[in-house]
Amino acid sequence: MSITLDQITKRYAGIPVVNDVSLDIGDGEFFVLLGPSGSGKSTLLRAVAGLSTVDHGRIALHGRDVTHVAARKRGVGLVFQNYALFRHMTVAENIEFALRVRRVRARARRQRRQELLRLVALDGLDDRLPAQLSGGQQQRVAVARALAHKPEVLLLDEPFGALDAKIREELRRTIRQVQRELGITTVLVTHDQEEAFALADRIGIMNLGRLLEVGAPHELYSRPTTRFVATFLGAANLFLARRTPEGVQVGATIMAAAEHSPAAPEHEVVAVVRPEEVELAASREALGSRYLGRGVVDEVMFTGALERLRVRLADSTPASLLAFADGEANTALQVTRTRPAHRGVEVRAGQEVAIGVRRVHVLPTPLSSFTACAATALLAEALRGQPLLAQLVARMRTRVAVRLEPQLGVPDAPCATQAAFVGTTVIGSQSECAQRAEWLLRRGAKDLLVLPAHAVAPQRVLIHWMGDAARSATLAVSASVLRHVPAEAVYVGIFPDDPEGTRAPQGMRTLLDARSEAQAAHGLEMRTELRFGEVAEQLARRLAEAPAQMLIIGVSGLARFGERFRALLDGGQWPVLIVQRGPP
Amino acid sequence: MSLRKPSVLPGFGLTFGFTTFFLSAIVLLPLAALVLAAASMHWADFVRVISSPRALGSYRLSFGASLLAASINLVFGLIIAWTLVRYEFPGRKLIDALIDMPFALPTAVSGIALTTVFAPNGWIGRYLEPLGVKVAYTWLGVTLALTLISMPFAVRAVQPALLEVQRELEEAAETLGAGRFYVFRRIILPTVLPALLTGFTLSFARAVGEYGSVIFIAGNLPMKTEITPLLIVIHLEEFDYQGAAALGVVMLTISFGVLLAINLLQGWGRRRHVQAAH
């Protein structure tokens, strides 16, 4: 491995900007770190270069641990967005800088310089000053300068950011060519997905400090596992769908999904339909793909090779389309069509069409949508506007439904609403919260979020489960939550009091198992803690230790629920997400 | 170049006229008067006044101490500016404001304050005395006073230049293998050098013309701790206006020479950096 990152964490003012990132980059690989601004990608790159320290974790370059090695001894080449050329030096002096530092002889320096100038196609510009070069040329000089000392790793921080489109493409090609020719391991940071596709052997996508997914460009595009990646990498229409034994039900239509697991019980899922997988036709019969419903064309935009359309689903279409653009509520379906398709079926704005879907991809995320549940409409609305919930909903690009249960918490009272519980049910944290929670869990709620009115975005999420039946579900839910809040994950293992210390080894093993499962199955990095005592009491004590914490707890049975969780839930100041799995 | 050519900058004639008038009225005219006053002397008298041992001694002290003070400010001004620009620490704003104090204080007050501290029975002077170091009433005291009153010039000249040194340049140099000192010498220093020279020039100019603060701490022993401005005042008190003017002309000439030299040096440096950039 050329670059190995192991659980890198970097915090600013307590908030992790790089959150438990682990990554291996192979020899000669061109790796692109992609993410929106503020996702932590540049900080991570600076950490690899040695320009910023890390709070936790280990960095190795070619097997050499460099976590505490100064930048100048790491043997990396770094290219900045704004070139960072030395303006009082000529091109030649700039390129030879690293060699001069190393006291290389003038002849060897000149030879290397000419080699590099040829490589970046700038022959003969040796004596110019940076101010006399164009932006593209300056960045070429910067690349040559970063390569002069034959670094083992080339790091590029948004190198095309300051250039215009045409030069950007030209330089992109040069960099790819240089990288191939030298076979140098390269990491490029960008927020531009087109750039990532054009350059990368593999892409790693970051958001909120976490490395969400890593993979080859086409793999990430066609089979994303998180909704962030699905929507960030190209356009995507997100639907709330149902996974049934027959397939995926989007609205009234059941479609076979690429990854089908008939064993799972029926539940709500998030389905991705790429704009190019949507087919439009005049009538249902004329469609060559599965019928989704009818819609009205809102807008047709000609963009050269492709035609982009926005189609508003008719009210009669039972499919529930989620907001897809920047969390903004939007009920229009994005469609792109190639010229042959658009010659076949001409459409105009205002026209009614039949919509078909060629391919559906189901995200494996366990958190599909939220349902605010309260005794009165007023309480439900207040709950819906709770800032933490609003933030989660916006980041997950999902929605909050409302469910009224006037008899919420009244023992033996039935549900007022006949429909099954869907997605994550949310209740406020008032008195007798434990009783309400049990009431809902006994009536079929699977995932239940108890949300105090003043709860803020957590900086730390504590994870615990009681009973193995809930383990994998708890991990999956935790991983999903942690993709949407910039918090660190801590698994708290709790064992009965242990005065002799005989249980400690067993406890450690459980912790390690939990950690490796989280990493293997969900790419979730978590810290572990071991405690002894009664579960609810230990968790309550841990939660009281610091502000801005959240608890995700898995339960596999409801025996003595109220009694055990009263201390944890009643009047608590922290959000608690209960994941119930296994026989009730 | 003909002045009649249409220029991209309008109003050249007006502004140029204004500049010339102002320079003439408040700089050149008084200077010319000074030279004229001296010119009414006999040549032999002129030479006698300006080359008397007492005058020569005063030049040595005035220009020597000023150059030394400007050099000290060059180094410490850079360090102070660096600290103020690069570090966040409690009281930074306060120290930043303190820098300008010598500007605001009447120079005589600075002189009295320094004397209080450095006189043989002063706060610091009394500890230096047994070590054989005399500050007050020696050339050391003169240098100290000149350093104090010209320090703000050096700091304020360098500060904006340091602000402009991009952190990224240093980081780039660091990843290329350069150590701290190398980065300072090859990256930071060349960037702030013009500003440093400006600071040096301003400090020097201020120090040469200083009078108020020095006379208190210098002791004013002829040949030893007598600065040229003081000598001029002594001539004036004896109603020897021509003698005073003669010494003034000498000061003017030397100061102009030094400033011109530094300016030329700066111009040369600038040309080297942005050679034919346009």
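Protein chains in written order, with my numbering: chain A, 40 to 623; chain B, 358 to 635. Even for Gly, the Cβ is constructed at its ideal location relative to N, Cα and C.
Only buried fits A:Lys485, as 16 or more other CB atoms lie within 10 angstroms of its CB. When Cβ-Cβ separations below 7 Å define contact, B:Leu526 makes contact with chain A. Bounds of the beta strand (DSSP E) holding A:Lys49 are 42-51. Nearest in C-alpha terms to A:Gly621, of all of A:Arg249, A:Leu607, A:Leu480, is A:Leu480. Of all residues in the stretch 530-541 of chain B, only Ala530, Glu531, Thr532, Leu533, Gly534, Ala535, Gly536, Tyr539 come within less than 8 Å of chain A when Cβ atoms are compared, listed by chain position. For B:Pro547, the closest Cβ of chain A is nearer than 7 Å. In chain A, no part has a C-beta under 9 Å from the C-beta of B:Gln623; the shortest such distance is about 14 Å. For the pair of segments examined, the stretch 179-193 of chain A was found to touch the stretch 102-119 of chain A: the number of CB pairs separated by less than 8 Å reaches three.
Taking a Cβ-Cβ cut-off of 7 Å, the neighbours of A:Ala88 in chain B comprise Thr532, given in sequence order.
A:Arg475 has its alpha-carbon roughly 16 Å from the corresponding atom of A:Thr456. For the 7 Å CB-CB criterion, A:Leu158 and A:Val228 do not form a contact. Listed by position along chain B, the residues whose Cβ is nearer than 7 Å to that of A:Arg141 are Gly534. In the three-state DSSP reduction, B:His592 falls in the helix class (H, G or I). Inter-residue distance for B:Gln523 and B:Lys450 is about 22 Å (C-alpha atoms, whole angstroms). For the set A:Ser355, A:Glu568, A:Ala371, A:Ser328, the Cα lying nearest the Cα of A:Asn276 is the one of A:Ala371.
If you ignore the 5 residues before and after A:Val57, its C-beta comes within less than 8 Å of the C-beta of Ile47, Thr48, Lys49, Gly79, Thr82, Leu83, Ala86, Val93, Gly248, all in its own chain and listed in chain order.
For A:Phe119, a Cβ of chain B is located within less than 7 Å of the residue's own Cβ.
Cβ atoms of A:Thr567 and A:Arg581 stay farther apart than 8 Å, at about 13 Å. Restricted to the stretch 396-466 of chain A, the beta strand (DSSP E) segments that are unbroken, complete and at least 3 residues in length are 400-402, 409-413, 439-443, listed in chain order.
Under the 7 Å criterion on CB atoms, A:Ala419 is classed as non-interfacial with respect to chain B.
In the assembly as shown, A:Phe600 is a buried residue. Its beta-carbon has 16 or more other beta-carbons within 10 Å. Against chain B, the CB of A:Ala131 has no partner CB under 7 Å away; the residue lies outside that interface. Taking the beta carbon of A:Gly116 as reference, the chain B residues within 9 Å of it are Thr532, Leu533, listed in sequence order. Under the three-state reduction of DSSP, B:Trp400 is assigned to helix. Just measuring C-alpha positions, the residue of B:Ile619, B:Gln599, B:His592, B:Gly614 sitting nearest B:Ala396 is B:Gln599. For A:Arg144, not one C-beta of chain B is nearer than 7 Å to its own C-beta. Take the alpha-carbon of A:Phe236 and the one of A:Ala452: they are about 56 Å apart. Here A:Ala575 has Arg603, Phe604, Ala606, Leu607 as same chain residues with Cβ atoms under 7 Å from its own Cβ, once five neighbours each way along the sequence are excluded. Between A:Thr224 and A:Asp66, the gap from beta carbon to beta carbon is short of 7 Å. In this structure, DSSP gives A:His188 a state outside helix and strand, which the three-state scheme calls coil.
Looking at the DSSP output, A:Thr567 bridges to A:Tyr530.
In this structure, the alpha-carbon of A:Ala110 lies about 56 Å from that of B:Leu371. A:Phe409 is the residue among A:Phe409, A:Gln425, A:Leu417 whose C-alpha sits nearest the C-alpha of A:Arg436. Around B:Ile544, the beta-carbon contacts reaching into chain A at under 8 Å are Phe125.
Counting C-beta atoms within 10 angstroms of its own C-beta, B:Thr548 has 16 or more neighbours from the protein chains shown and is therefore classed as buried. Per the Cβ contact rule, the stretch 411-426 of chain A is not in contact with the stretch 344-358 of chain A (fewer than 3 Cβ pairs under 8 Å).
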